[in-house]
Amino acid sequence: MAEHQALLPSEEPLRLLDESGSRVDGSGLPMPDTRRLLEVYGSLVTARRVNDQAGALVRQGRLAVYPSSHGQEACQVGAALALSDGDWLFPTYRDTAAVIARGVDPIEVLTLLQGDWHAGYDPYERKVAPQATPLATQLLHAVGVAHAARLKGEDTVVMALCGDGATSEGDFHEALNFAAVFRAPVVFFVQNNEYAISVPLARQSAAPSLAHKGVGYGVPGERVDGNDPAAVLAVLERAVADARAGGGPRLIEAHTYRIQAHTNADDDTRYRSGDEVDPWVARDPLTRLEKHLKRKRALTKARRTEITEAAEAVAAYMREGVVEGAEPEPAELFAHVFSEPTPQLAEQAAFLAEELSREGL
Amino acid sequence: MATEKLSMAQALNRALRDSLAEDPTVHVFGEDVGPLGGVFRITDGLTAEFGEERCFDTPLAESGIVGMAVGMAMNGLRPVVEMQFDAFAYPAFEQIASHVAKIRNRTRGRVEVPLVIRVPFAGGIGGVEHHCDSSEAYYAHTPGLKVVTPATPEDAYFLLRESIASPDPVVLMEPKKLYWAKGEIDVERPAAPLGRAVVRREGADATLIAYGPTVPVALEAAEAAAAEGRDLQVVDLRSLVPFDDETVCAAVRSTGRAVVIAEASGFASVSSEIVARVTERCFHSLAAPVRRVSGFDIPYPPPKLERFHLPGVDRVLDAVDDLQWEDQ
Ligand SMILES: Cc1ncc(C[n+]2csc(CCOP(=O)(O)OP(=O)(O)O)c2C)c(N)n1
Ligand SMILES: [Mg+2]
Chain X
3 MAEHQALLPS EEPLRLLDES GSRVDGSGLP MPDTRRLLEV YGSLVTARRV
53 NDQAGALVRQ GRLAVYPSSH GQEACQVGAA LALSDGDWLF PTYRDTAAVI
103 ARGVDPIEVL TLLQGDWHAG YDPYERKVAP QATPLATQLL HAVGVAHAAR
153 LKGEDTVVMA LCGDGATSEG DFHEALNFAA VFRAPVVFFV QNNEYAISVP
203 LARQSAAPSL AHKGVGYGVP GERVDGNDPA AVLAVLERAV ADARAGGGPR
253 LIEAHTYRIQ AHTNADDDTR YRSGDEVDPW VARDPLTRLE KHLKRKRALT
303 KARRTEITEA AEAVAAYMRE GVVEGAEPEP AELFAHVFSE PTPQLAEQAA
353 FLAEELSREG L
Chain U
272 MATEKLSMAQ ALNRALRDSL AEDPTVHVFG EDVGPLGGVF RITDGLTAEF
322 GEERCFDTPL AESGIVGMAV GMAMNGLRPV VEMQFDAFAY PAFEQIASHV
372 AKIRNRTRGR VEVPLVIRVP FAGGIGGVEH HCDSSEAYYA HTPGLKVVTP
422 ATPEDAYFLL RESIASPDPV VLMEPKKLYW AKGEIDVERP AAPLGRAVVR
472 REGADATLIA YGPTVPVALE AAEAAAAEGR DLQVVDLRSL VPFDDETVCA
522 AVRSTGRAVV IAEASGFASV SSEIVARVTE RCFHSLAAPV RRVSGFDIPY
572 PPPKLERFHL PGVDRVLDAV DDLQWEDQ
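Here it is in structure tokens:
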């Protein structure tokens, strides 16, 4: 087989479960065991609940904005669960559910969208980089973290997330190339949800698939059904294991769909029809795994209750934590610009403090 | 000709529409500018009216957008590109600083790139990080770029029309918090050439110099000062490059006192350039040092803290009070 052929993704996205939840031949992809699938299912239910709750908080005016991953939860959960504690996750603005699935405090995650500060959580605590908004820029940071880990003799793997639109940015290509040249242990995981705001995939790329983009850099590409929770987890776990064993980077494209508008501020009726969305609703990752587990009689009533209650607890925690009227301190504006405030910043901080004291604040 | 009441967003849309209709070389492109009409709807309806070749979405890459615009301009077209937000123009900075700004000079004037880069900029809309930068100084500091910024719908219309007509590349900084503000506009009025400031309000005691998002702040401050018996003049720069020394200095000489108001951080900024120019040229007419009210030297704050950062009326009035009045 010519060398480049080993880099090419499969003709069709890999799958373990079809839309009815039935097991299909996964071209050698190992099926996660039932215990693991139940864990995935629990995380999916929570991820969906996180998306719904955040959406409700936006409607109530308690969050400024929320880019939902509704319909993409299999990818969110897979990305988080495929990693070990010592690994790193590099998420985007759309990956709130993944960040929470990795164990970051939901309220700290929502700091950004509440408008209190930019990155609300400590990236070192759960090894989750700040959610990146400037598209594809974080992918190079992911390569740097992975390369540093190798130089330090650590077996860390880095999961770097981006969307289909972001693959058009120069940084995406530089990241793949750097990772390949340095054999950095990075799993590039592209959630192809068919849209970049209003722009459909066909306007991003003329390649046979986004996973094909790895070939030119010497990075093996794989395609997976992004709404098949079993396949997503299996593909990502395999890529993480390969990267950890010194196999270098992987590019994985998940075929999924953005069920909701880009954010609450977007009006998707201007660029797509409901007819296009409907079939994707039928491919919902939650119902797919649920059907599978039910068929296997693995989802007991007790387990179900437990899972629902856990998800509700997260939602309740979000509602309580996102409180109106809790205001950040203006003095903090000057606190983190440098390790020590410059003389000019100290002067400006004093100016603001004086101004506020005059206003009796 | 009757005037119309349009928002700044509608005025910019009208300018693009009129340019597309009049000049077949004009092409509009960027991210989400096609069927969606842009995230701020500045290009609303243009693809439907002029076709997919004249107004189109590109792949998501700002360096690609500006780089392709350079080539199209080299080959006789007039590209008008949209950067979705201020901070998302940074991937294009290489193309802007190394090529857009320099190609005329490098080729001894043989190649010109008459393109327009539209940048929604500045804050005041409760936007999260990377959506509120005041990035005008990066462009103004780069020789070879014209940099203009409207504060009214009418100026938005004419500045965009004139930018498209300009043989030089122009960065049009659009104050996004003013997109929805309405104003009277007469599209048949003869356009002022690029590079002219305008006195928005006459006043004898001191001059407020503002541009883009701070012009309404200056006008509001002048209104408040009038109630306290102080008569403030307001100058709207409209163009940062070229800079209208004549209008600005005539205004400052007429009052002898000046405050510059800008949202951007003050350090090494457009506002510091204005203070330097005015001080160099009007020193003997000045009764007090020229003061600045600008953003702090910090990254743009999160939504809940932006009000502490943005120049507001009170801060402007405090600065005016500080101008060494004889009665103090
Ligand atoms: C460099 C840069 N340019 C533009 C934007 C504005 N923007 C935010 S999200 C987005 C679409 C991204 O699409 P995709 O990568 O497919 O991710 P999705 O939102 O679908 O998850 C755009 C254009 C940005 N954040 N960064
Ligand atoms: Mg997308």
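Order-wise, the sequence lines are chains X and U. Residues in the first sequence are numbered from 3 upward in steps of one, following the working numbering. Residues in the second sequence are numbered from 272 upward in steps of one, following the working numbering. Note that CB positions come from ideal geometry on N, CA and C, so glycine has one too.
Residue ranges of each alpha helix (DSSP H) within the region 70-123 of chain X, 4 or longer:
75-83, 98-103 and 108-116
Do X:ARG51 and X:SER71 have their C-beta atoms within less than 8 Å of each other?
no
Hey, would you say the C-beta of X:ASN195 is under 7 Å away from at least one heavy atom of ligand 2?
yes
Residues of chain X with CB closer than 8 Å to the CB of U:ALA580, please, in chain order.
The sequence as given places His at residue 580 of chain U; Ala does not occur at that position. Residues of chain X passing the Cβ test: LEU335.
Looking at the structure shown, is U:ARG389 part of a helix, part of a strand, or coil, going by DSSP?
strand
Taking only three categories from DSSP, how would you classify U:ILE336?
helix
Identify every residue that forms a DSSP beta bridge with X:GLU369.
This structure does not reach residue 369 of chain X, given that chain X is present from 3 up to 363, and the question cannot be answered.
Contact set between U:PRO306 and chain X, taken where Cβ atoms lie within less than 8 Å:
SER200, ARG272 and TYR273
Using CA coordinates, which residue listed in U:THR485, U:LEU508, U:LEU511 and U:ALA475 is at the minimum distance from U:ARG524?
U:ALA475
Smallest Cα separation from U:ASP589: which of U:THR423, U:ALA496 and U:ALA533?
U:ALA496
Residues near U:PRO362 in its chain [Cβ-Cβ closer than 8 Å; skip 5 each side]
ALA332, GLU333 and SER334
Say whether chain X places a C-beta atom closer than 8 Å to the C-beta of U:PRO330.
yes
Are any of the Cβ atoms in chain X nearer than 8 Å to that of U:GLY397?
yes
Beta carbons nearer than 9 Å to chain X: which residues of the region 379-408 of chain U have them?
GLY397, GLY398, VAL399, GLU400, HIS401 and HIS402
Start and end residues, alpha helix (DSSP H) containing U:THR318
317-321
Assuming U:VAL390 and U:VAL441 make a contact with CB atoms under 8 Å, what is their CB distance in whole Å?
Their Cβ separation, rounded to whole angstroms, is 11 Å, which puts U:VAL390 and U:VAL441 out of contact at 8 Å.
Taking Cβ-Cβ distances shorter than 7 Å, what residues in chain X pair up with U:ASP568?
GLN346, LEU347 and GLN350
When the Cα of X:ARG285 is compared with those of X:ALA213, X:ALA121 and X:ASN229, which residue comes out closest?
X:ASN229
Assigned secondary structure, X:PRO343 (DSSP; H/G/I helix, E/B strand, else coil):
coil
Less than 8 Å between CB atoms is the rule here; does X:ALA168 satisfy it with respect to chain U?
yes
Neighbour list for U:PRO350 in chain X, Cβ cutoff strictly below 7 Å:
Neighbours of U:PRO350 on chain X: none; closest Cβ ~17 Å, over 7 Å.
Every unbroken beta strand (DSSP E) inside the region 384-466 of chain U [3 residues or more]
387-392, 417-419, 441-446 and 453-456
U:GLY415 versus U:ASP439: straight-line alpha-carbon distance, rounded:
8 Å
Any beta-carbon of chain U closer than 8 Å to the one on X:TRP282?
no
Buried/exposed call for U:GLU324, threshold 16 Cβ in 10 Å:
exposed
Would you kindly check if the distance between the Cβ of U:SER437 and the Cβ of U:LEU479 is under 8 Å?
no
According to the Cβ coordinates, are X:LEU295 and X:LEU39 closer than 8 Å?
yes
Between X:ASP166 and ligand 2, is there a pair consisting of the residue's CB and a ligand heavy atom that are separated by less than 7 Å?
yes
Please check if any C-beta of chain U sits within less than 8 Å of the C-beta of X:PRO108.
no
According to the Cβ coordinates, are U:LYS453 and U:ILE396 closer than 8 Å?
no
Measuring alpha carbon to alpha carbon, tell me which residue in U:THR296, U:GLU365, U:GLY316 and U:PHE579 is nearest U:MET345.
U:THR296
Below 8 Å, how does it come out for the region 228-243 of chain X and the region 22-34 of chain X: are there three or more Cβ pairs, yes or no?
yes
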